[in-house]
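In this text, residue positions in the sequence shown follow full-length UniProt numbering: the first is 1, and each later residue adds one.
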Amino acid sequence: MRADAERSTARILKAAEVVLADEPGAPLERIADAAGLARATVHRRFSSRKALIDALTAQLNERYLLGLKQARVDSAPPLVALHRLTEIIFELKINNRFAMNAAANPATGAPRLDPEVLNGLDLLFTRLHAAGVITAAGPAWCRGVFLALLHEVDQLPADAPVLAGTDGGTGARIDLLARTVIGALGGSASPA
Numbered sequence: 001m002r003a004d005a006e007r008s009t010a011r012i013l014k015a016a017e018v019v020l021a022d023e024p025g026a027p028l029e030r031i032a033d034a035a036g037l038a039r040a041t042v043h044r045r046f047s048s049r050k051a052l053i054d055a056l057t058a059q060l061n062e063r064y065l066l067g068l069k070q071a072r073v074d075s076a077p078p079l080v081a082l083h084r085l086t087e088i089i090f091e092l093k094i095n096n097r098f099a100m101n102a103a104a105n106p107a108t109g110a111p112r113l114d115p116e117v118l119n120g121l122d123l124l125f126t127r128l129h130a131a132g133v134i135t136a137a138g139p140a141w142c143r144g145v146f147l148a149l150l151h152e153v154d155q156l157p158a159d160a161p162v163l164a165g166t167d168g169g170t171g172a173r174i175d176l177l178a179r180t181v182i183g184a185l186g187g188s189a190s191p192a
């Protein structure tokens with residue numbers, strides 16, 4: 001039964017991300033239909049809309065943690081880790097639009113992240129500083145700049161002047177973000 005319940009929960013979360021990205025106010029019943037499950041199953045797994053959104057946010061934080069691990073922020077050359085993490089986070093933003101928006105700070109658009117995720121980001125910026133890639137020494141400040149710029153770069157229209165000469169796609173945004181973050185934090189290195 002447990003494996004079946006886990007599969008149902010995964011289906012619900014996947015359907016919720018798709019449905020809520022298109023219609024943020026969609027009822028749980030619509031999510032049940034999209035998941036191909038009975039409404040009672042959704043209500044049994046998630047007693048309220050808030051419980052479902054909390055689960056999407058928790059899943060997003062787990063994906064951030066996995067991204068930090070995949071980018072090897074603790075061991076890869078810091079500039080490479082920054083670029084790889086930026087790729088991973090843009091992929092998260094594309095595939096988890098609703099969860100990103102639901103977890104975002106309304107003032108900055110930056111996601112509210114678990115302390116473990118914040119610590120991983122801080123480690124990356126501490127390592128970038130130690131390697132001389134950036135001059136800004138405060139990892140929390142660096143993290144805030146990164147997350148705020150991430151939101152702004154993501155919101156750019158494909159024809160934005162700052163993306164001129166590119167296809168305006170994800171690759172161009174990743175490069176723009178990495179260069180801008182490094183420049184904003186007192187560095188001059190160009191990401192590889």
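Where a beta carbon is used, it is the ideal one built from N, C-alpha and C, also for glycine.
Because the structure is a prediction, the values reported are computed rather than measured.
C-beta contact flag for Leu68 and Val133 at 8 Å
Sequence index remark: in the sequence shown, residue 68 carries index 68 (1-based). Sequence index remark: in the sequence shown, residue 133 carries index 133 (1-based). No, the Cβ-Cβ distance between Leu68 and Val133 is not below 8 Å.
Among the residues of its own chain, which have a CB less than 6 Å from the CB of Ala192, if the five just before and after it don't count?
Translated into positions along the sequence shown, residue 192 becomes position 192. Only weak support exists for where Ala192 lies, its pLDDT of 45 falling under 50; the value from the coordinates is given anyway. Contacts found: none.
By how many angstroms is the C-alpha of Phe98 removed from the C-alpha of His83?
As a working note, residue 83 is residue 83 in the sequence shown. As a working note, residue 98 is residue 98 in the sequence shown. The straight-line gap from Cα to Cα measures roughly 24 Å.
Are three or more beta carbon pairs between the region 47 to 56 and the region 83 to 93 nearer than 8 Å?
The answer is no - the region 83 to 93 does not touch the region 47 to 56, with fewer than three Cβ pairs under 8 Å.
Looking at Thr126 and Pro115, is the spacing between their C-beta atoms short of 8 Å?
Translated into positions along the sequence shown, residue 115 becomes position 115. Translated into positions along the sequence shown, residue 126 becomes position 126. Pro115 places its beta carbon 8 Å or farther from that of Thr126.
Classify Ile134 as helix, strand or coil using the three-state DSSP reduction.
The count along the sequence shown starts at 1 and reaches residue 134 at position 134. Ile134: coil per DSSP, three-state reduction.
Figure out for me which residue from Ala15, Ala131, Leu121 has the closest Cα to the Cα of Trp141.
The residue you call residue 141 lines up with position 141 of the sequence shown. Closest by alpha carbon: Leu121.
Run through DSSP, which three-state label would Asn95 get?
The residue labelled residue 95 in the question sits at position 95 within the sequence shown. Per DSSP, reduced to three states, the secondary structure at Asn95 is helical.
Can Ala15 and Ala35 be called in contact, C-beta distance under 8 Å?
For the purposes of this step, residue 15 is taken as residue 15 along the sequence shown, with counting starting at 1. For the purposes of this step, residue 35 is taken as residue 35 along the sequence shown, with counting starting at 1. Yes, the pair counts as a contact, with Cβ atoms nearer than the cut-off.
Straight-line CA distance for Gln70 to Asn101?
Counting from one through the sequence shown, the residue named residue 70 turns up at place 70. Counting from one through the sequence shown, the residue named residue 101 turns up at place 101. Rounded to whole angstroms, Gln70 to Asn101 spans 23 Å at the Cα level.
Can you have a look at Glu62 and say buried or exposed, based on whether 16 or more other CB atoms are within 10 angstroms of its CB?
As a working mapping, residue 62 is identified with position 62 in the sequence shown. Exposed, because fewer than 16 other Cβ atoms sit within 10 Å of the Cβ of Glu62.
Please classify Phe46: does DSSP put it in a helix, a strand, or coil?
Walking along the sequence shown from the start, residue 46 turns up at place 46. Of the three classes helix, strand and coil, the one that applies to Phe46 here is coil, per DSSP.
Quick check: the Cα distance between His43 and Arg112, rounded to an integer number of angstroms?
Here residue 43 is taken as the residue at index 43 of the sequence shown, counted from 1. Here residue 112 is taken as the residue at index 112 of the sequence shown, counted from 1. Approximately 26 Å, taken between the alpha carbons.
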